[in-house]
Each structure stands twice: as C-alpha cells, then as structure tokens.
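Novice: Sharing a structure, written as structure tokens. Questions coming.
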Ligand code: SF4
C-alpha cells in the first residue's frame, strides 16, 4: 500500500501517540515514507558516532523515521555534575591550557561535536568526556571511546594539536578512564561517518546489534521490531 494524502490523514487523525507506538503503522511508514533527508551532506555529530557504535539501527529511528525519543543525548547527565567536574579540573594542572564546552566542526568530513573539556600540555591534547552511565565492558566495541575519538579528530583538524589519548570521566564511579587511540580508531570513526551517510541516503534499516542486552535500556525499543 502506498501512502497518500488520505491514508496519511487517517494515520495522523489517530493521534501521534498511537501512530508512534503501533508497529503495523510503523511498518507501513518504513516501506512507503518518502525521502526526508534534504541535505546534500548532513553533519554527523560525535554523539551520533557513539550511538552508531552502540547499535547501527538507532540513528535510523532518529534521523530517517524521526521518531521522538524520551531524552536528548546531552541531557543524560546533570549540568550540576558537569559544572562540578569542570571546577575540579580547572584547579588541577595549572601548567596546561584548558578548553571548555567547545563546539567544533569539520565541513570536509561532515563531522560536528560539542566537546565538554580538553587540555593541551604544549605537546598533545586530551579530550575528556563526562558520562553518567556505566563503564562499557571490555571485549566489545566501546561506543564512548569512539565518540571521544571523533572529538580527537575535530581537535586535530581545528587546532592542529596531536591527540594520542582520549579520556572519559564516569561520574557514577568518580573515575577517569584513559583510552590510547591509534590511527585504526580514527579510521574506524571515518568509516562510521561514511556508513551513516549511506544509511541516511538509502534510508535502509540497518541490522540490529548482535548484543541483545543493549536493547533492554534502548530508547528505540518501542519502534524497533527487535525490541
Ligand atoms: S532495540 Fe536493540 S536492535 Fe533496536 S535499536 Fe535499540 S539496541 Fe538496536
């Protein structure tokens, strides 16, 4: 069945809540909805890199279906926690240059990101991302590390600083974890940007994550047939 003005109105008249949570209607949209990606080259956010590493299907719901989500990415930790951390780091290491809440972009890559904090010691820069969630388990692809690696790319391209290490501060554990990054990690991020752009253009739903445990807390569960 093709979506036309009449059946679009029918779906809309059922109310947005019902429309969003009804799998049958959602499937109709999946197969018939016209292209909504209007940009020649969309900017991919560093947080999108994290989401894509978590499960390739998530960005499909956010950007192709444009399904409403419970919370925005950056709302996941409180501003208070954030300010507290920045106050702490500003007291320490007086000899380094400190940069807070920097919004960087790279039009060539089509990458953009808000960087919580990074410091430069005269030789190298280290971005630090603040997270309220759990520390990702070892042995699986680490979404947090890839997000901060994307920030590292933005710092290198905008400031010409070398970045060989990225850090994540897990506020729940009050612990900073350092992740050394190699050229392979940067290439992985660049490959993700390419794959996300392909997904936005083709509007094809990606395969779900193989790790079913990740579906438990996923904000897309109501839209995803896997969930
Ligand atoms: S419910 Fe699972 S498969 Fe579906 S988007 Fe979320 S993490 Fe991916």
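In this note's numbering, the protein residues as written are 199 to 425. We put the beta carbon where it would ideally sit given N, CA and C, even for glycine. As the structure is a prediction and not an experimental result, all values here were calculated from the model.
So, are the CB atoms of residue 322 and residue 366 less than 8 Å apart?
Specialist: Here residue 322 refers to the residue found at position 124 of the chain shown. Here residue 366 refers to the residue found at position 168 of the chain shown. Not a contact, by the Cβ cut-off of 8 Å.
Novice: Work out the CA separation of residue 402 and residue 329 for me, nearest whole Å.
Specialist: In the chain shown, the residue the question calls residue 329 occupies position 131. In the chain shown, the residue the question calls residue 402 occupies position 204. Approximately 31 Å, taken between the alpha carbons.
Novice: Quick one, which of 309, 415, 324 and 308 has its alpha-carbon nearest residue 315's?
Specialist: Residue mapping note: residue 315 aligns to position 117 of the chain shown, counting from 1. Per the Cα distances, 324.
Novice: DSSP three-state label for residue 139, please.
Specialist: With the chain covering 199 to 425 only, the question about residue 139 has no answer from this structure.
Novice: Between the alpha carbons of residue 370 and residue 378, how many angstroms are there, rounded?
Specialist: Here the question's residue 370 lines up with position 172 in the chain shown. Here the question's residue 378 lines up with position 180 in the chain shown. Straight-line Cα distance between these residues: approximately 22 Å.
Novice: Between the beta-carbon of residue 345 and the beta-carbon of residue 317, is there less than 8 Å?
Specialist: Here residue 345 refers to the residue found at position 147 when the chain shown is read from its first residue. Here residue 317 refers to the residue found at position 119 when the chain shown is read from its first residue. The answer is no: Cβ separation not under 8 Å.
Novice: Leaving aside the five residues before and after residue 355 along the sequence, list all residues of the same chain whose C-beta is less than 7 Å from its C-beta, in chain order.
Specialist: Residue numbering aside, residue 355 sits at position 157 when the chain shown is read from its first letter. Counting only Cβ-Cβ distances below 7 Å, and skipping sequence neighbours, we find 304.
Novice: Classify residue 299: buried if its beta carbon has 16 or more other beta carbons within 10 angstroms, exposed otherwise.
Specialist: Residue mapping note: residue 299 aligns to position 101 of the chain shown, counting from 1. Residue 299 should be labelled exposed.
Novice: Hey, residue 257 and residue 391 are a contact pair by Cβ (cut 8 Å); roughly how many whole angstroms apart?
Specialist: If you number the chain shown from 1, residue 257 lands on position 59. If you number the chain shown from 1, residue 391 lands on position 193. About 11 Å; that fails the 8 Å criterion.
Novice: Check whether the Cβ of residue 408 lies closer than 7 Å to any heavy atom of the ligand SF4, and answer yes or no.
Specialist: Translated into the one-based positions of the chain shown, residue 408 becomes position 210. No - the ligand SF4 has no heavy atom lying nearer than 7 Å to the Cβ of residue 408.
Novice: Count the other CB atoms within 10 Å of the CB of residue 353; is the residue buried (16 or more) or exposed (fewer)?
Specialist: The residue labelled residue 353 in the question sits at position 155 within the chain shown. Its Cβ being crowded by 16 or more others within 10 Å, residue 353 is buried.
Novice: Pop quiz: residue 255 and residue 406 are said to be a contact at Cβ under 8 Å. What is the actual Cβ separation, rounded to whole angstroms?
Specialist: On the chain shown, residue 255 is found 57 positions in, with the first residue counted as 1. On the chain shown, residue 406 is found 208 positions in, with the first residue counted as 1. Rounded, the Cβ-Cβ distance is 5 Å, consistent with contact.
Novice: Please list the terminal residues of the continuous beta strand (DSSP E) segment that includes residue 299.
Specialist: Position 101 of the chain shown, counted from the first residue, corresponds to residue 299. 295-304 is the span of the beta strand (DSSP E), which, as asked, contains residue 299.
Novice: Between residue 363 and residue 376, is the Cβ-Cβ spacing less than 8 Å?
Specialist: Walking along the chain shown from the start, residue 363 turns up at place 165. Walking along the chain shown from the start, residue 376 turns up at place 178. Going by C-beta atoms, residue 363 is nearer than 8 Å to residue 376.
Novice: Expressed to the nearest angstrom, what Euclidean distance is found between the alpha-carbon atoms of residue 248 and residue 387?
Specialist: Position 50 of the chain shown holds residue 248. Position 189 of the chain shown holds residue 387. Answer to the nearest angstrom: the Cα atoms are 10 Å apart.
Novice: Consult DSSP for residue 357 and reduce its assignment to one of helix, strand or coil.
Specialist: Start at 1 with the first residue of the chain shown, and residue 357 comes out as number 159. In this structure, residue 357 counts as helix in the three-state DSSP scheme.
Novice: Measuring alpha carbon to alpha carbon, tell me which residue in 409, 359, 393 and 381 is nearest residue 339.
Specialist: In the chain shown, residue 339 corresponds to position 141, counting from 1. Looking at the Cα atoms, 409 is the closest of the given residues.
Novice: Decide if residue 399 is buried, meaning its Cβ has at least 16 other Cβ atoms within 10 Å, or exposed.
Specialist: Here residue 399 refers to the residue found at position 201 when the chain shown is read from its first residue. Residue 399 should be labelled exposed.
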